[in-house]
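> Let me give you the structure first, and then I'll get to my questions.
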Ligand SMILES: [Zn+2]
Ligand SMILES: [Zn+2]
């Protein structure tokens, strides 16, 4: 395992993972009903144009997109004050009108960075700024112990529960807040823990996820199977197939999927894999919202048969 000495090196390693995945067919997702997590130029870390995603979606038979640009509430975070609600909404609604005649539905979503200490601000803002669909995610801030310059000293001498505890505790706060349709990339922290703690280490301790999953089930907040981990250091979805299955076993009934693309070439990358994890866990629909009440989006028949073909009766890769 290569040790990422800095963020530049991590970016290079992840570029290699992405290319290897493209060679393995992860970039070929098609004929799917929904990609519910996408970033455009209205996110500070993204450079994709909405129309570029839309053209690819029409070409590949992906029927519906949620544009979920970042909104941050901590002034030190990059998406704080980055794009106005009015600009984001206008661009998405106008694109939706342009692309509807091509059979593509585009929804106005948001990915809010959740922090417990900012929950009141987030609650007030979401009430005043309604979206079709809202993801709540815990990200790694400049003061986080998981950031590249402090993670090694943070993990040293700590147990695995103590290492992931602060991250999962914030995720529990996001779920219990009831503010979000969905929790984004449930265990995104595993990207920042490589190489000190590996995805395999977390896979050996599924009980660490159970309080988080219980909070989501109690509050009715959906679980997202986020494909971006397949092109990042963990090389698996956030969360893994095993955790998606555990959520279902514990009584979880609301799952969704997203590629979390930030660049045009990442559009729908790994999305088929995310669908397969959800379907193999027993989900027959995706949980989504188009404004108003939650809706159920049926899983694609084609992906179900390819899941059977790819994985047979064995374990999810
Ligand atoms: Zn995110
Ligand atoms: Zn995102």
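Residue numbers (this note's numbering): 65 to 381. Using N, Cα and C, we set each Cβ at its ideal position, and we do this for glycine too. Here the structure is a predicted model, which is why all the values come from computation and not from measurement.
Are the beta-carbon atoms belonging to residue 103 and residue 133 less than 7 Å from one another?
Indexing the chain shown from 1 puts residue 103 at position 39. Indexing the chain shown from 1 puts residue 133 at position 69. Cβ distance < 7 Å, so residue 103 and residue 133 count as in contact.
> Please report how far the alpha carbon of residue 44 lies from the alpha carbon of residue 212, in whole angstroms.
The structure shown does not extend to residue 44, since the chain is modelled only from 65 to 381, so the question has no answer here.
> Measuring CA to CA, which of 312, 80, 116 is closest to residue 131?
Taking the first residue of the chain shown as position 1, residue 131 is located at position 67. Comparing Cα-Cα distances from residue 131 to each of 312, 80, 116, the minimum goes to 116.
> Are the CB atoms of residue 358 and residue 196 nearer to each other than 7 Å?
Here residue 358 refers to the residue found at position 294 when the chain shown is read from its first residue. Here residue 196 refers to the residue found at position 132 when the chain shown is read from its first residue. No, these two residues do not count as a Cβ contact at 7 Å.
> With respect to 6 Å, is the separation between the Cβ of residue 292 and the closest non-hydrogen atom of ligand 4 below this value?
This structure lacks ligand 4; its bound ligands are ligand 1 and ligand 2.
> Within the continuous beta strand (DSSP E) that includes residue 99, where are the two ends?
Position 35 of the chain shown, counted from the start, is the residue given in the question as residue 99. Where residue 99 is concerned, the enclosing beta strand (DSSP E) stretches over 99-102.
> Do you know how far the Cα of residue 361 is from the Cα of residue 299?
Residue mapping note: residue 299 aligns to position 235 of the chain shown, counting from 1. Residue mapping note: residue 361 aligns to position 297 of the chain shown, counting from 1. The alpha-carbon atoms of residue 299 and residue 361 are separated by roughly 27 Å.
> Tell me which residue opens and which closes the alpha helix (DSSP H) that residue 188 is part of.
Locating residue 188 in the chain shown gives position 124, where the first residue counts as 1. Looking at the DSSP string, the run of the alpha helix (DSSP H) that includes residue 188 is 183-192.
> Please check the pair residue 303 and residue 251, which I expect to be a contact at CB under 8 Å, by giving their CB distance rounded to whole angstroms.
Here residue 303 refers to the residue found at position 239 when the chain shown is read from its first residue. Here residue 251 refers to the residue found at position 187 when the chain shown is read from its first residue. So it is a contact: roughly 5 Å between Cβ atoms.
> Using only the heavy atoms of ligand 2, determine whether one of them is closer than 6 Å to the beta carbon of residue 175.
Your numbering for residue 175 matches position 111 in the chain shown. For ligand 2, at least one heavy atom lies less than 6 Å from the Cβ of residue 175.
> For residue 242, tell me which candidate among 178, 80, 206 has the shortest Cα-Cα distance.
Within the chain shown, residue 242 is the residue found at index 178, counting from 1. For the set 178, 80, 206, the Cα lying nearest the Cα of residue 242 is the one of 178.
> Just reading off the alpha helix (DSSP H) that residue 96 is part of, what are its end residues?
By 1-based counting over the chain shown, the position of residue 96 is 32. According to the DSSP assignment, residue 96 belongs to no alpha helix (DSSP H), since it is labelled neither H nor E.
> Report buried or exposed for residue 166, applying the criterion of at least 16 other Cβ atoms within 10 angstroms of its Cβ.
If you number the chain shown from 1, residue 166 lands on position 102. Burial state of residue 166 is exposed, judged by a 10 Å Cβ sphere holding fewer than 16 other Cβ atoms.
> Determine, for residue 252, whether the minimum Cβ-Cβ distance to residues of chain B falls below 7 Å.
Among the protein chains of the structure shown there is no chain B, as only one such chain exists.
> Do you know whose CA, among 183, 268, 114, 291, lies nearest residue 162's CA?
Stepping through the chain shown from its first residue, residue 162 is reached at position 98. Comparing Cα positions, the closest option is 114.
> Could you name the residues that DSSP lists as bridge partners for residue 285?
Indexing the chain shown from 1 puts residue 285 at position 221. None; residue 285 has no bridge partner.
> For the putative contact between residue 224 and residue 272, defined by C-beta atoms under 8 Å, what is the C-beta separation to the nearest angstrom?
Counting from 1 along the chain shown, the entry for residue 224 is found at position 160. Counting from 1 along the chain shown, the entry for residue 272 is found at position 208. A Cβ-Cβ distance of about 7 Å is found for the pair residue 224 and residue 272, placing them in contact under the 8 Å criterion.
> Just to check, is the beta-carbon of residue 87 closer than 6 Å to a non-hydrogen atom of ligand 2?
Residue mapping note: residue 87 aligns to position 23 of the chain shown, counting from 1. No, ligand 2 has no heavy atom inside 6 Å of this Cβ.
> For ligand 2, I want to know if residue 245 counts as a neighbour, meaning its beta carbon is within less than 6 Å of at least one of the ligand's heavy atoms.
On the chain shown, residue 245 is found 181 positions in, with the first residue counted as 1. False, no ligand heavy atom lies under 6 Å from that Cβ.
> Would you say the beta carbon of residue 201 is closer than 6 Å to some non-hydrogen atom of ligand 1?
Walking along the chain shown from the start, residue 201 turns up at place 137. For ligand 1, at least one heavy atom lies less than 6 Å from the Cβ of residue 201.
> Classify residue 78 as helix, strand or coil using the three-state DSSP reduction.
As a position in the chain shown, residue 78 is number 14, starting the count at 1. DSSP places residue 78 within a helical segment (H, G or I) once states are collapsed to three.
> When you measure from the CB of residue 322 to every non-hydrogen atom of ligand 1, does any distance come out below 6 Å?
Counting from one through the chain shown, the residue named residue 322 turns up at place 258. Outside the cutoff, so no.
> Give every residue of the same chain whose Cβ lies closer than 6 Å to the Cβ of residue 185, excluding the five residues on either side of it in the sequence, and list them in chain order.
As a first step, residue 185 is located in the chain shown; it is residue number 121 there, counting from the start. If we look at residue 185 and ignore the five residues flanking it on each side, its Cβ neighbours are 137.
> Just checking my contact of residue 338 with residue 301 at CB under 8 Å: how many whole Å lie between their CB atoms?
Locating residue 338 in the chain shown gives position 274, counting from the first residue. Locating residue 301 in the chain shown gives position 237, counting from the first residue. So it is a contact: roughly 6 Å between Cβ atoms.
> Excluding the five sequence neighbours on either side, which residues of its own chain have a C-beta within less than 6 Å of the C-beta of residue 369, listed in chain order?
Position 305 of the chain shown, counted from the start, is the residue given in the question as residue 369. Confidence at residue 369 is low in this model, with a pLDDT of 47, below 50, so its placement is unreliable and the value that follows should be read with caution. So no residue of the chain qualifies.
> Could you please give the first and the last residue of the uninterrupted beta strand (DSSP E) stretch that includes residue 172?
For this step, residue 172 is matched to residue 108 along the chain shown. Secondary structure note for residue 172: its beta strand (DSSP E) is the uninterrupted segment 169-177.
> Which residues bound the alpha helix (DSSP H) around residue 295?
Residue mapping note: residue 295 aligns to position 231 of the chain shown, counting from 1. Unbroken run through residue 295: none, as it is neither H nor E.
> For residue 93, I'd like the list of residues in its chain whose CB is within less than 6 Å of its CB, leaving aside the five on either flank, ordered along the chain.
For this step, residue 93 is matched to residue 29 along the chain shown. Within its own chain, the residues whose Cβ lies closer than 6 Å to the Cβ of residue 93, once the five positions on either side in sequence are excluded, are 332, 335, 336, listed in chain order.
> Relative to the C-alpha of residue 202, which residue among 229, 326, 194 is closest?
Residue numbering aside, residue 202 sits at position 138 when the chain shown is read from its first letter. Comparing Cα positions, the closest option is 229.
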